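A.B. asks: Using my numbering, the letters of the sequence shown map in sequence onto residues 3 to 268.
Beta carbons: idealized from backbone N, C-alpha and C, even for Gly.
As the structure is a prediction and not an experimental result, all values here were calculated from the model.
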Amino acid sequence: MSDTSAMSPKTGEPIISVRGMSKYFGDFVALNDVTLDVNRSEVLCLIGPSGSGKSTLLRCLNFLEAYDGGEVRLNGDLIGWQDGDSTPRKALSTNALRQQRQHIGMVFQQFNLWPHLTALENVAEALIQVKGLPKSKAHEKAREALGKVNLSDKTENYPANLSGGQQQRVAIARAIAMEPTVMLFDEPTSALDPELVGEVLTVMKEMAAEGMTMVVVTHEMGFAAHVADRVAFLDAGRLVACVPPAEIFSQDPEDERIRTFLQTYR
Ligand code: ADP
Ligand code: MG
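#1: Let's see if you can read the secondary structure: which residues bound the alpha helix (DSSP H) around P247?
#2: Count the other C-beta atoms from every protein chain shown that fall within 10 angstroms of the C-beta of K56, then say buried if there are 16 or more, exposed otherwise.
#3: Return the bridge partner residues of N41 from the DSSP annotation.
#4: Return the residue from the list W116, Q111, Y160 and A179 that minimises the CA-CA distance to A140.
#5: Which term fits V2, buried or exposed, when burial requires 16 or more other beta carbons within 10 angstroms of its beta carbon?
#6: At a threshold of 7 angstroms, does A226 count as lining the ligand ADP (C-beta to nearest heavy atom)?
#7: Can you tell which of T183, S95, V151 and T120 has its C-alpha closest to the C-alpha of G78?
#8: From A98 to A238, what does the alpha carbon distance come to, in whole angstroms?
#9: Give the C-beta separation of T157 and R145 to the nearest angstrom, bearing in mind that I take them to be a contact with Cβ-Cβ under 8 angstroms.
#10: Would you say K56 touches the ligand ADP, meaning its beta carbon is less than 7 angstroms from a heavy atom?
#11: Around the C-beta of K92, are 16 or more other C-beta atoms found within 10 angstroms, so that it is buried, or is it exposed?
#12: At what residues does the beta strand (DSSP E) containing E73 begin and finish?
#13: Kindly give me the distance between the Cβ atoms of P255 and A230, rounded to whole angstroms, as I take these residues to be in contact under 8 angstroms.
#14: If you follow the beta strand (DSSP E) that I106 is in, where does it begin and where does it stop?
#15: Look at L164 and A121 and say whether their C-beta atoms are less than 8 angstroms apart.
#16: Only counting the same chain, and skipping five residues up and downstream in sequence, which positions put a Cβ closer than 6 angstroms to that of Y267?
#17: Check the DSSP bridge columns for I49 and list the partner residues they point to.
#18: Do L48 and V40 have their C-beta atoms within less than 8 angstroms of each other?
#19: Name the one or two DSSP bridge partners that Y26 has.
#20: Do you know offhand how far S54's Cα is from G200's?
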C-alpha cells in the first residue's frame with residue numbers, strides 16, 4: 003500500500019467549522035452557502051479572483067463582519083452567537099466577542115502598528131491591555147514572540163525605522179504573543195516590495211512547521227503550492243474547491259474557473 007499521509011488533510015476534530023455561510027451586501031451575494039472545515043495544525047490557503055469574497059470570509063470567521071446565514075464554530079463553540087437551542091440565536095455582547103477573538107490571531111495587508119510604540123511595546127500592548135499581564139511579563143513574552151519572527155535585534159525600533167517586511171513580522175509577532183488557537187492572514191505580503199516578501203513567507207512557513215493552524219488568503223501561488231495542506235478556491239462567493247494543492251496546481255485543473263484564474267499566474 004502506498005503512503006498517502008502527506009496528501010490527506012490533517013485529521014481530528016476541526017478547529018474551525020463553517021456551515022452554510024451566506025453574506026449579502028444589499029442584493030449582492032458576497033458569500034453563497036460556504037461550508038468548510040479547518041483541521042488542527044492545518045494550513046489552508048484561500049485563493050480566488052479579486053472580489054470573490056476571500057476577505058469577507060476571513061472577516062466573518064471572527065465575526066468582524068456579521069453574516070446572514072450559517073454558522074462558524076471554533077473548537078465547537080459558536081462564534082459571534084450565543085449557543086443553545088433558542089431561536090433566533092442571540093448575538094454576543096462586545097465583551098464576550100472580545101473574549102472569543104483572543105483565540106483568533108489576525109494579520110492584515112496593512113500592518114497597523116502604533117507609530118509611537120517600539121516593536122517590543124507594539125507586541126506587548128495587547129498582552130497588557132487585553133490579557134492583563136504585568137508589564138515585565140508582557141515584555142518577556144513579547145521578546146519571545148519577536149524572536150520567533152527573527153527580530154530579536156529590532157525590539158527597540160519604532161515602526162518608522164523598520165522595513166515593510168520587518169513591520170509585518172512585528173504584526174505577526176503581536177498575533178503570536180496572544181497564543182491564538184488559529185491564525186488568519188489576509189494577503190500578508192501584498193503591500194510589500196517584492197524583495198521583502200520572502201522574509202515574511204519564511205516566518206509563516208516556520209509557524210506552519212511548528213503546527214500552527216493557519217488560514218491564509220494569498221496571491222503567492224508558490225506558498226499555496228508548497229506550504230498549504232489544502233487550497234480553497236472561491237469564485238463569486240462560492241467555494242468551488244477545497245483540495246490538496248496538487249489538484250489545483252496540476253497542469254490541467256478540472257474546473258474552468260480555476261484554469262482561467264491560474265492562467266494569470268503563469
Ligand atoms: P476579495 O477579498 O476576494 O477580493 P472581498 O471579500 O473584499 O473580496 O469582497 C467581495 C465582494 O463583496 C466584492 O464585490 C466587494 O465589492 C463586496 N463588498 C465587500 N465589502 C463590502 C461592503 N462593506 N459593502 C458592499 N460591498 C462589499
Ligand atoms: Mg481581499
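C.D. replies: To lay it out plainly:
#1: Sequence index remark: in the sequence shown, residue 247 carries index 245 (1-based). Per DSSP, P247 belongs to the alpha helix (DSSP H) from P247 to I250.
#2: Here residue 56 corresponds to residue number 54 of the sequence shown, with the count starting at 1. Result: buried.
#3: Sequence index remark: in the sequence shown, residue 41 carries index 39 (1-based). For N41, which the question treats as bridged, DSSP gives the partners P16.
#4: Counted from its first residue, the sequence shown places residue 140 at position 138. Answer by Cα proximity: A179.
#5: Because the chain here runs from 3 to 268, residue 2 falls outside it and cannot be looked at.
#6: Here residue 226 refers to the residue found at position 224 of the sequence shown. The answer is no for A226.
#7: On the sequence shown, position 76 is the one that residue 78 refers to. With distances taken between Cα atoms, G78 lies closest to T183.
#8: Residue numbering aside, residue 98 sits at position 96 when the sequence shown is read from its first letter. Residue numbering aside, residue 238 sits at position 236 when the sequence shown is read from its first letter. So the two alpha carbons sit approximately 32 angstroms from each other.
#9: Along the sequence shown, read from residue 1 onward, the residue named residue 157 stands at position 155. Along the sequence shown, read from residue 1 onward, the residue named residue 145 stands at position 143. 6 angstroms between Cβ atoms; contact.
#10: For the purposes of this step, residue 56 is taken as residue 54 along the sequence shown, with counting starting at 1. Checking every heavy atom of the ligand ADP against the Cβ of K56, one is found closer than 7 angstroms.
#11: In the sequence shown, residue 92 corresponds to position 90, counting from 1. Flag for K92 reads exposed.
#12: Your numbering for residue 73 matches position 71 in the sequence shown. Element bounds for E73: G71 to L76.
#13: If you number the sequence shown from 1, residue 255 lands on position 253. If you number the sequence shown from 1, residue 230 lands on position 228. Incorrect: roughly 15 angstroms between the Cβ atoms, too far for contact.
#14: Taking the first residue of the sequence shown as 1, we reach residue 106 at position 104. From DSSP, the beta strand (DSSP E) with I106 extends over I106 to V109.
#15: Within the sequence shown, the letter at position 162 stands for residue 164. Within the sequence shown, the letter at position 119 stands for residue 121. Yes.
#16: Counted from its first residue, the sequence shown places residue 267 at position 265. Cβ neighbours of Y267 beyond the five flanking positions: M223.
#17: Position 47 of the sequence shown, counting from 1, holds the residue named residue 49. I49 pairs with F235.
#18: Counting from 1 along the sequence shown, the entry for residue 48 is found at position 46. Counting from 1 along the sequence shown, the entry for residue 40 is found at position 38. Not in contact: L48 and V40 (Cβ atoms no closer than 8 angstroms).
#19: Looking up residue 26 in the sequence shown gives position 24. Beta-bridge pairing links Y26 to V31.
#20: Residue 54 sits at position 52 when you count from the first residue of the sequence shown. Residue 200 sits at position 198 when you count from the first residue of the sequence shown. Going from the Cα of S54 to the Cα of G200 covers about 26 angstroms.
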